[in-house]
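Here the structure comes first, spelled out in C-alpha cells, and everything after it is commentary.
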Amino acid sequence: MSATAFFTTTQFLLFFFSVSTIILGDANIQGEVLLPPAQGTEKVSHLHFYFHDSLDGRYSIRIAAAPPSYKSATQFGNARAVDFPLTEGPHPGSKLVGRVQGLYVIASKEEVVLLMDLTYQFYEGKYNGSSISVLGRNAVRSPLREMPVVGGTGLFRLARGYVQAKTYLYNVTNGFAIVEYDAFVMHY
Ligand SMILES: *[C@@H]1O[C@H](CO)[C@@H](O)[C@H](O)[C@H]1NC(C)=O
Ligand SMILES: *[C@@H]1O[C@H](CO)[C@@H](O)[C@H](O)[C@H]1NC(C)=O
Numbered sequence: 000m001s002a003t004a005f006f007t008t009t010q011f012l013l014f015f016f017s018v019s020t021i022i023l024g025d026a027n028i029q030g031e032v033l034l035p036p037a038q039g040t041e042k043v044s045h046l047h048f049y050f051h052d053s054l055d056g057r058y059s060i061r062i063a064a065a066p067p068s069y070k071s072a073t074q075f076g077n078a079r080a081v082d083f084p085l086t087e088g089p090h091p092g093s094k095l096v097g098r099v100q101g102l103y104v105i106a107s108k109e110e111v112v113l114l115m116d117l118t119y120q121f122y123e124g125k126y127n128g129s130s131i132s133v134l135g136r137n138a139v140r141s142p143l144r145e146m147p148v149v150g151g152t153g154l155f156r157l158a159r160g161y162v163q164a165k166t167y168l169y170n171v172t173n174g175f176a177i178v179e180y181d182a183f184v185m186h187y
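Position one of the sequence shown corresponds to residue 0 (numbering that gives the first Met the number 0), numbered consecutively onward.
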C-alpha cells in the first residue's frame with residue numbers, strides 16, 4: 000500500500016485567505032499578522048487510519064483515580080496516559096502510520112464519556128513528523144463520535160477540523176479496542 004492510500008488528500012475545497020491590518024485607534028499602529036506558511040489558499044485533507052487501545056498496560060496506563068471513583072459504575076474521575084499505535088488497516092499487524100500520545104479522563108458519572116487530549120503524530124511520506132491535536136468529548140459507546148481538531152504542527156500548522164471515530168472491534172474480556180478514524184483537516 001502506498002502512502003496515498005492512507006492519506007487521500009483531496010483539495011476539494013479552496014478557501015481564500017485575506018490578511019487584514021489591524022488599526023488601533025488614532026495611533027495607526029499595525030498589529031502583527033501571523034502569516035500562514037503558504038499564501039492564499041487553505042486545503043482540506045482527509046486522513047483515514049485505525050488506532051489500537053488496550054487496558055492491559057500495553058498502550059495505556061491509569062495515572063490517577065480518586066477513591067470515590069472505585070464505586071462509580073463509569074469509573075468517573077479515572078485518568079489514563081496513552082501511547083497508541085496508528086495503523087493503515089484494522090489489523091494490529093497492519094503498517095504503522097503514526098502514534099497517538101496524550102491523556103484522557105473519564106468525565107461522566109452517567110455513561111462512559113472520555114475527555115480526550117491527544118496528539119496524533121504521523122510517520123508517512125511528506126506528513127512524517129507532522130501532527131494534529133484533538134481535544135474533545137468521546138462517548139465511546141456511541142456508534143459515531145466527533146471531536147474537534149484544535150491545531151497542528153508541521154504540514155498541519157494552523158490546522159482546524161474534526162475527527163470522526165467508530166469502534167471497529169471491542170473485546171470486553173481484555174479491554175482491547177480498535178477504532179476507525181476519519182480526520183478532516185483544514186490547513187495551508
Ligand atoms: C520519518 O522521519 C524520521 C526522522 O527524520 C526517520 O527516521 C524515519 O525513517 C522517517 N519515516 C518515514 C516512514 O519516512
Ligand atoms: C478477547 O480476549 C480474550 C482474552 O485475551 C481472548 O481469549 C479472546 O479470543 C478475545 N476475543 C476476540 C474476539 O478477539
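For each residue, glycine too, the CB sits at the ideal point set by N, CA and C.
Identity of the residue in G153, R140 and I131 nearest K125 by Cα: Of the candidates G153, R140 and I131, G153 places its Cα closest to the Cα of K125.
For review: beta carbons within less than 5 Å of any heavy atom in ligand 2: The set, ordered by position in the chain, is N170, T172 and N173.
R79, buried or exposed, once every other Cβ within 10 Å from all chains shown has been counted against 16: Counting the other Cβ atoms within 10 Å of the Cβ of R79 gives 16 or more, which makes it buried.
Nearest-residue set for ligand 1, Cβ under 7 Å from any heavy atom: That gives Y122, E123, G124, N127 and G128.
Residues that I62 bridges to, as DSSP identifies them: Answer by DSSP bridge pairing: none, since I62 is not bridged.
Selection from N137, I177, R159 and P84 that minimises the alpha carbon distance to K94: The residue with the shortest Cα to Cα distance from K94 is P84.
Where the beta strand (DSSP E) containing Y119 begins and where it ends: Judged by DSSP secondary structure, Y119 falls within the beta strand (DSSP E) whose first and last residues are V112 to F121.
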